[in-house]
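In the order they appear, the protein sequences are chains A and B. Letter by letter, the first sequence follows residues 255 to 610 in the working numbering. Letter by letter, the second sequence follows residues 255 to 610 in the working numbering. A virtual CB, placed ideally from N, CA and C, is assigned to each residue, including glycine. Below is one structure; the comments refer to it alone.
Protein chains: 2
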Amino acid sequence: MDDLGQADRAEPEETRIRAARIQDVARLADVSTATVSRALATPDRVSPEARARVLEAIAKTGYVPNPAARSLRSQKTFMVLVVLPDLSNTFFSKILRGIEETLFEAGYGMIISDLDGSPEKEAHFAAFTAAGRVDGAILLNGHLFGQSREGEGQPARISIPLVALCEAIPGADVPQIEIDNRAAASRMTQHLASLGHRRIAYVSGPANNILERERFLGFKDGLEAAGLPFDPALVIPGDYTIEAGVRAGQDLVGRSTRPTAVFCTSDEMAIGLMRTLFSAGLRVPEDISVAGFDDIEFAAVAEPALTTIHQPRRELGQAAASALIDLLQGRPSPKRIRLETEIVIRDSVTSPWRKS
Amino acid sequence: MDDLGQADRAEPEETRIRAARIQDVARLADVSTATVSRALATPDRVSPEARARVLEAIAKTGYVPNPAARSLRSQKTFMVLVVLPDLSNTFFSKILRGIEETLFEAGYGMIISDLDGSPEKEAHFAAFTAAGRVDGAILLNGHLFGQSREGEGQPARISIPLVALCEAIPGADVPQIEIDNRAAASRMTQHLASLGHRRIAYVSGPANNILERERFLGFKDGLEAAGLPFDPALVIPGDYTIEAGVRAGQDLVGRSTRPTAVFCTSDEMAIGLMRTLFSAGLRVPEDISVAGFDDIEFAAVAEPALTTIHQPRRELGQAAASALIDLLQGRPSPKRIRLETEIVIRDSVTSPWRKS
DNA sequence: AAGTTGCATGTAATCGATTACATAGGGTGA
DNA sequence: TCACCCTATGTAATCGATTACATGCAACTT
Numbered sequence: 255m256d257d258l259g260q261a262d263r264a265e266p267e268e269t270r271i272r273a274a275r276i277q278d279v280a281r282l283a284d285v286s287t288a289t290v291s292r293a294l295a296t297p298d299r300v301s302p303e304a305r306a307r308v309l310e311a312i313a314k315t316g317y318v319p320n321p322a323a324r325s326l327r328s329q330k331t332f333m334v335l336v337v338l339p340d341l342s343n344t345f346f347s348k349i350l351r352g353i354e355e356t357l358f359e360a361g362y363g364m365i366i367s368d369l370d371g372s373p374e375k376e377a378h379f380a381a382f383t384a385a386g387r388v389d390g391a392i393l394l395n396g397h398l399f400g401q402s403r404e405g406e407g408q409p410a411r412i413s414i415p416l417v418a419l420c421e422a423i424p425g426a427d428v429p430q431i432e433i434d435n436r437a438a439a440s441r442m443t444q445h446l447a448s449l450g451h452r453r454i455a456y457v458s459g460p461a462n463n464i465l466e467r468e469r470f471l472g473f474k475d476g477l478e479a480a481g482l483p484f485d486p487a488l489v490i491p492g493d494y495t496i497e498a499g500v501r502a503g504q505d506l507v508g509r510s511t512r513p514t515a516v517f518c519t520s521d522e523m524a525i526g527l528m529r530t531l532f533s534a535g536l537r538v539p540e541d542i543s544v545a546g547f548d549d550i551e552f553a554a555v556a557e558p559a560l561t562t563i564h565q566p567r568r569e570l571g572q573a574a575a576s577a578l579i580d581l582l583q584g585r586p587s588p589k590r591i592r593l594e595t596e597i598v599i600r601d602s603v604t605s606p607w608r609k610s
Numbered sequence: 255m256d257d258l259g260q261a262d263r264a265e266p267e268e269t270r271i272r273a274a275r276i277q278d279v280a281r282l283a284d285v286s287t288a289t290v291s292r293a294l295a296t297p298d299r300v301s302p303e304a305r306a307r308v309l310e311a312i313a314k315t316g317y318v319p320n321p322a323a324r325s326l327r328s329q330k331t332f333m334v335l336v337v338l339p340d341l342s343n344t345f346f347s348k349i350l351r352g353i354e355e356t357l358f359e360a361g362y363g364m365i366i367s368d369l370d371g372s373p374e375k376e377a378h379f380a381a382f383t384a385a386g387r388v389d390g391a392i393l394l395n396g397h398l399f400g401q402s403r404e405g406e407g408q409p410a411r412i413s414i415p416l417v418a419l420c421e422a423i424p425g426a427d428v429p430q431i432e433i434d435n436r437a438a439a440s441r442m443t444q445h446l447a448s449l450g451h452r453r454i455a456y457v458s459g460p461a462n463n464i465l466e467r468e469r470f471l472g473f474k475d476g477l478e479a480a481g482l483p484f485d486p487a488l489v490i491p492g493d494y495t496i497e498a499g500v501r502a503g504q505d506l507v508g509r510s511t512r513p514t515a516v517f518c519t520s521d522e523m524a525i526g527l528m529r530t531l532f533s534a535g536l537r538v539p540e541d542i543s544v545a546g547f548d549d550i551e552f553a554a555v556a557e558p559a560l561t562t563i564h565q566p567r568r569e570l571g572q573a574a575a576s577a578l579i580d581l582l583q584g585r586p587s588p589k590r591i592r593l594e595t596e597i598v599i600r601d602s603v604t605s606p607w608r609k610s
């Protein structure tokens, strides 16, 4: 159960064991390196006997092909870059898991870049892909990256297969995996309206965010469908974080006339908001209904349990990874996949009339 | 702002641009490839004029060194493997961010392996390190991995620098970055006891988990320090997940004599547990106090706000990454780093006498 | 002035696999 | 029996950088 990591304590520095190379396997199996390579890559182009000898030699030596050499020659790294804006966000980490799973099954490794709002990092990872360090990339950040120095000679713009996940990339011709944010937001808004809410507040995501734009449109769609007017005063700026929800709550608490329902575009914000309302002595949902977006794990155990929109996060990750793998292996890939969302009715939303 | 990923739409297949190689740069700068390489790796071993010409040529061509070639020759990948048991867990993702940050600054990339309890994956990633795909690894999973087939000839046991994060690896001689789980658990237990709690339940982590063992010992230490007896009936099995907390809550609700306080070894469990108690009509903390462990983001906005033990997660990640980088660059690395934890007093714990 | 030192640079070996091309031998058809 | 083809295998070029070693030249020492 333990093997690796014994460091070089026991043996003298010189005796440090070197990894077996294809040469060593070839010699041991009494074949050429070409045969070893073929025995692994295209087994049916090698005689059964030779193959058996090779496999035995591989087992004996513990040979593992050197990926650097392999990749140098074959121009394939079997690595995929995943670019995301915030690694510490629950929402993304569940998606990541779906991605990792699928990539792993297909024999690909995953390199993660947490962009962290830093353009410097963005440039770095652009170079990263350009250097051929990965075969493809999944972007969760809503835009392509790259150092566009058009002035200079001819910047190396290598293109590798890309997939956009969650946040569509406007104008880019890459497969998009997403949910229908607009429709989902509209549906939730109509749900609130159907319960009798007429003053519905909206806590937004970051202003220039594509998700946010879609959801905001959906919110307006929903109001319109329900015959309600849009009131800009009921739009509260946010950025998907718990803190933003807390701030939005403070804003609401301070108002003389309050909405009867609040639609938060992330569960984090909804939970932060409920917390603040609660501290101020307001009851959810009796005094004010709160709806979220995403259906993170904590939504179900929030107090009260959060009514929200379920996003199939793991499946999103899997779908994105599959699409990328299709691309990488030269298969046709779907241009756009829209996974279904679902309203999850819990306890944080009720009719405005039913005062407890 | 967009550059990469234009795919090969415009130009015909054949014209696909190939990345600039060191040769191209050398020709353009009218120097040898060796000089180009040196201009990048050891700038002061190259004349200022040559260096300038090289840099200009690099800018013109957009040259980025091919990592496969580089790594093949120099046996360095500038990649670090991070092995963790569950990527989708909030606790880990914050740590990951700390790791990524620090690695990035030092020029290292991060490859993630979500073990997901699968031994198959474990073996795969053992081979991964053996193949020299990464320069070092950070292990969050509490044990070394590796295919120890002692029987066979001489299995390739390559050793790369390792660092154990959070979960110490028993018997392994690698730097450990951790918090003092035992002391922290003891402190929390004593805190509860000092408020007057005499029947304190303990919701555990997974049975064979090292963290769990430490915390459990700490729990017993705390009881002993407070002069309280240890009652096995008050130990409820868990596994750090929200669901485990829910189950533990159901267990408690069903009991005739209940503890006055519950110490959960993760915030997730504490939140799930409070949820269940609440549904059953019990009040926290009036009827029962609940304490957590970790201080995840949601602890502060739970209802009631959770009293817990703060772990400096980002700093843990940073410290681990720094230690590994020290190792990788041949500097001495601290054998063990223990970061301080802190009890965060919020609203979920109170004295058992103060019935609301 | 001859010898020594040291810097800037070039030449070419090297890392470890993949794979185009060459070749030997066995089988088949005429 | 000969020509041909197909299969299994080997030989060696190749991927793109790093770096040991060699070289040429200038400056400095005595």
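Looking from the CA of Asn320(B), the closest CA among Phe473(A), Tyr317(A), Ser328(A) and Lys314(A) belongs to Ser328(A). Per the DSSP secondary-structure output, Phe517(A) pairs in a beta bridge with Tyr456(A) and Ala545(A). Nearest to Ser602(B) by C-alpha distance, out of Pro539(B), His564(B), Pro586(B) and Asp548(B), is Pro539(B).
Gln277(B) sits exposed, since fewer than 16 C-beta atoms from the chains shown fall within 10 Å of its C-beta. For Leu326(A), the closest of Leu471(A), Val388(A), Glu551(A) and Ser576(A) by C-alpha to C-alpha distance is Val388(A). The C-alpha of Leu416(A) lies about 5 angstroms from the C-alpha of Ala391(A). It is roughly 6 angstroms from the alpha-carbon of Leu394(A) to the alpha-carbon of Ala418(A).
Per the C-alpha coordinates, the member of Lys348(B), Ala295(B) and Ser448(B) positioned closest to Trp607(B) is Ser448(B). In this structure, the beta-carbon distance from Arg452(A) to Leu482(A) falls below 8 angstroms. Taking C-alpha positions only, Met333(A) is separated from Arg292(B) by approximately 28 angstroms. Separation of Gly363(A) and Gly459(B) (C-alpha to C-alpha, rounded to the nearest whole angstrom) is 30 angstroms. Shown here, Ser440(B) sits in a helix according to DSSP, grouped into three states. Judged by DSSP in its simplified three-state form, Glu432(B) adopts strand. Per the C-alpha coordinates, the member of Ala574(A), Val516(A) and Ser301(A) positioned closest to Thr604(A) is Val516(A). Using a Cβ-Cβ cut-off of 8 angstroms, Ala384(A) counts as an interface residue toward chain B, since at least one Cβ of chain B sits closer than that to its own. Residue pairing by DSSP places Met333(B) opposite Gly363(B) in a beta bridge.
Inter-residue distance for Met528(B) and Gly386(B) is about 47 angstroms (C-alpha atoms, whole angstroms). Taking Ala311(B) as the centre and dropping the five residues before and after it, the same chain places the C-beta of Val279, Leu282 and Ala283 closer than 6 angstroms to its C-beta, in chain order. Ala381(B) has its alpha-carbon roughly 16 angstroms from the corresponding atom of Thr331(A). In this structure, DSSP gives Gly499(A) a helical state, which the three-state scheme calls helix. Residue state for Ala556(A) is assigned as coil, using DSSP reduced to three classes.
Inter-residue distance for Gly535(B) and Leu560(B) is about 18 angstroms (C-alpha atoms, whole angstroms). Neighbours of Ile365(A) in chain B, taken as residues at a C-beta separation under 9 angstroms, are given in chain order as Met333, Gly363, Met364, Ile365 and Ile366. Residue-level contact by beta carbon holds for Lys348(B) and chain A, with a gap shorter than 8 angstroms. Contact between the stretch 432-441 of chain A and the stretch 463-477 of chain A is present: three or more C-beta pairs spanning the two stretches fall below 8 angstroms.
Counting C-beta atoms within 10 angstroms of its own C-beta, Arg436(B) has 16 or more neighbours from the protein chains shown and is therefore classed as buried.
By the C-beta criterion, the stretch 565-580 of chain B is judged to be in contact with the stretch 342-358 of chain B, since at least 3 inter-stretch pairs fall below 8 angstroms. Looking at the DSSP output, Ile392(B) bridges to Val336(B) and Val417(B).
The criterion of a C-beta distance shorter than 8 angstroms is not satisfied by Leu309(B) and Pro339(B).
Not flagged as an interface residue toward chain A: Glu540(B), since no C-beta distance is shorter than 8 angstroms. Not a single C-beta of chain A is nearer than 8 angstroms to the C-beta of Leu560(B). Residue burial is scored here from C-beta neighbours: Asn463(B) has at least 16 other C-beta atoms within 10 angstroms and is therefore classed as buried.
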